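Numbering (the numbering used here), first residue to last: 27 to 434. Just so it is clear, CB atoms sit at the ideal spot from N, CA and C, and this is done for glycine as well. Bear in mind the structure is a predicted one, so any value in this text is a computation, not a measurement.
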């Protein structure tokens, strides 16, 4: 089948930059709580409610979004996702009510379900030119670029926010106008089975085999642990440090740790990108073991009484591990999922992966909210540690399934 190689090459080269800048509202993330509380006047409970409602909306709309993606295709879906991210940033910037913030958050969450189709486009383009093994390398390149960008924005956003509360948001809007323009540079190669009749494609649904079930389960559990662990562990350290330091010094320590954690994220993407080529399907086991170690170190640092500086070092190492492994696991899961799924199953697979990430996060968020009404954060850290150990077992079973699949 004759392919437009120039457009395929352009699309592949566009992907890392597009994926890096469209992975989040990059200028907003470093000042998110400051902007929502000081500028928009939201309380902590409203911010939590906003997050939980948006996750629930995505879960409810799963089938509707899937049907839309199937109807308009991958290229139009990623364009729609870029457009929704732009609109979300505009509403976040200029909206003044809690309802407006709810709309922003819902659009924000839904946008990523459409933007995920860019990964299918990348995979199919690589398959078309017999470079499918390069998927992890290119996705990891995007993650490395994203890590570098977030380090820069972490340094700039606070200064810009102090100059004018809305400056970081204006820059976000500008970035997503550019990303919307870049989305028109994408092209998806036609594969051999693309000539299948549309009615036959519609009849074919994603078959949930034991391997696919483990992929979805492992991703949901790992992502939920990372998401909840990152947020709660930062607060966990903050409360711990307050027993020894003034508020000003605690702020200094926490901001320094957060900045260093972004460097750890960059280092993790580089290291695990190289390791993937050597250990492949064992990578998920290694990352799950490191995740368990992260919460063990945070808990150990909490109970350590031999010196404050040792507490800071040990707890910080745990927090750094959480950031260092989060991107590599996501890229690994995407790679094996898109490799296993047939072309007509890819869209449903990516939607399911994203939705069950949100389901897991929503469940843990609700449970932890109830737990924190009566217990301290150390209980949350303990639960996350246990879940991480369970994830080691899930990753081991997935690795065995993948090895068995290669032999048959």
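### Given residue 116 as reference, the closest of 174, 79, 54 once Cα atoms are compared
54
#### Entry: Assigned secondary structure, residue 192 (DSSP; H/G/I helix, E/B strand, else coil)
Residue 192 falls in the coil class under three-state DSSP.
### Task
For my contact list, residue 382 and residue 245 are in at a C-beta cut-off of 8 Å; report their separation, rounded to the angstrom.
7 Å
### Task
Under 6 Å Cβ to Cβ from residue 249, same chain only, skipping five residues before and after it: list those, please.
383
#### Entry: Environment of residue 268 [buried if 16+ CB atoms lie within 10 Å]
exposed
### Query
Given residue 318, which residues of its chain have a CB within under 7 Å of its CB, disregarding the five upstream and five downstream residues?
411, 414, 415, 418
### Task
Sort 151, 73, 363 by Cα distance to residue 127 and report the nearest one.
73
#### Entry: Host alpha helix (DSSP H) of residue 294 (start-end)
273 to 305
### Query
Which of helix, strand or coil does DSSP assign to residue 215?
Coil.
### Task
With residue 365 as the anchor, note down where its alpha helix (DSSP H) starts and where it stops.
Its alpha helix (DSSP H) spans residues 334 to 366.
### Query
How would you call residue 421, buried or exposed, if buried means at least 16 neighbouring beta carbons within 10 angstroms?
buried
### Message
Is it buried or exposed, residue 247, if we count other Cβ atoms within 10 angstroms and call 16 or more buried?
### Response
Its Cβ being crowded by 16 or more others within 10 Å, residue 247 is buried.
### Query
Per DSSP, what kind of secondary structure is residue 225 in: helix, strand or coil?
Reliability of the predicted coordinates at residue 225 is poor, the pLDDT of 45 falling under 50, and the value obtained from them is presented with this limitation in mind. Reduced to three states, the DSSP call for residue 225 is helix.
### Query
In its own chain, which residues sit with a C-beta less than 6 Å from the C-beta of residue 131, not counting the 5 before and 5 after it?
76, 80
#### Entry: Cβ neighbours of residue 292 in the same chain (closer than 8 Å, five flanking residues each side left out)
170, 173, 174, 177
### Same chain, Cβ closer than 8 Å to residue 239, neighbours up to 5 away in sequence not counted
Here the set comprises nothing.
### Message
One question on the structure: do residue 407 and residue 259 come within less than 8 Å of each other, judged by their Cβ atoms?
### Response
yes
### Task
Within the stretch 51 to 132, note down every full alpha helix (DSSP H) run reaching 4 residues or more, in order along the chain.
Taking only runs of at least 4 residues, the alpha helix (DSSP H) segments lying wholly in the stretch 51 to 132 are 70 to 86, 88 to 120.
### Message
Between which two residues does the alpha helix (DSSP H) holding residue 317 run?
### Response
309 to 329
#### Entry: Sequence-distant residues of the same chain with beta carbon closer than 6 Å to residue 103, five excluded per side
Within the same chain, residue 103 has close Cβ partners 95, 140, 143.
### residue 379 vs residue 363 beta-carbon contact at 8 Å
Yes, the pair counts as a contact, with Cβ atoms nearer than the cut-off.
### Message
I'd like the list of long-range same chain contacts for residue 302, defined as Cβ closer than 6 Å, with 5 residues on each side in sequence excluded.
### Response
Closer than 6 Å at Cβ, skipping near neighbours: 162, 309.
### Task
Please classify residue 30: does DSSP put it in a helix, a strand, or coil?
coil
### Task
Leaving out five residues on either side along the sequence, give the residues of the same chain with a beta carbon under 7 Å from the beta carbon of residue 386.
246, 247, 249, 250
### Query
Excluding sequence positions up to five away, which residues of its chain have a Cβ less than 6 Å from the Cβ of residue 215?
29, 34, 150, 151, 154
### Message
Here's the rule I'm using: 16 or more other beta-carbon atoms within 10 Å means buried, otherwise exposed. How should residue 165 be labelled?
### Response
buried
### Task
For residue 89, count neighbouring C-beta atoms within 10 Å of its own C-beta (all shown protein chains included) and say buried if the count is 16 or more, exposed if not.
exposed
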